[in-house]
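Written out below as structure tokens is the structure these notes cover.
Structure follows, in structure tokens:
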């Protein structure tokens, strides 16, 4: 399998709002020597966000930058902000919003 193959499966898990299975696929992808790209990371973040696991979505958002050197898209930030908006603000949404704003400008 290649990155496209893994991304296809991860997209399917995103559509099912299954962050755990999407994250497991990214782990398998890495174990096979492949590097996640922007689509891979976006789908894992969105899967967790749609599942309501905001902390895990935020963790994956930070991981995509630090570990994979992938810049999040506006849609990726939006997914996390939207999920955070449905929860009590703990200060993280403002940091995410600042980063999103800097992308848009």
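In my numbering, the protein residues as written are 76 to 180. Even glycine gets a Cβ: it sits at the ideal position worked out from N, Cα and C.
When the options are compared against residue i, the one with the closest alpha-carbon
| i | options | result |
| --- | --- | --- |
| residue 86 | 154, 136, 99 and 114 | 114 |
| residue 126 | 157, 107 and 112 | 157 |
| residue 77 | 109, 149 and 97 | 109 |
| residue 190 | 104, 160 and 134 | This structure cannot speak to residue 190, because the chain is shown only from 76 to 180. |
| residue 160 | 99, 95 and 128 | 128 |
| residue 153 | 120, 138, 140 and 134 | 120 |
Distance between beta carbons of residue j and residue i, contact taken as under 8 Å
| i | j | result |
| --- | --- | --- |
| residue 118 | residue 145 | Rounded, the Cβ-Cβ distance is 12 Å, inconsistent with contact. |
| residue 124 | residue 84 | Their Cβ separation, rounded to whole angstroms, is 19 Å, which puts residue 124 and residue 84 out of contact at 8 Å. |
8 Å Cβ cutoff met for residue i and residue j
| i | j | result |
| --- | --- | --- |
| residue 132 | residue 88 | no |
| residue 187 | residue 151 | Outside the shown range of the chain (76 to 180) lies residue 187, about which nothing can therefore be said. |
4 or more residues per run - each alpha helix (DSSP H) lying fully within the region 76 to 121:
78 to 90 and 94 to 106
**Message:** As an exercise, report each continuous alpha helix (DSSP H) stretch of at least 4 residues that is fully enclosed by the region 124 to 157, in chain order.
**Reply:** 129 to 141
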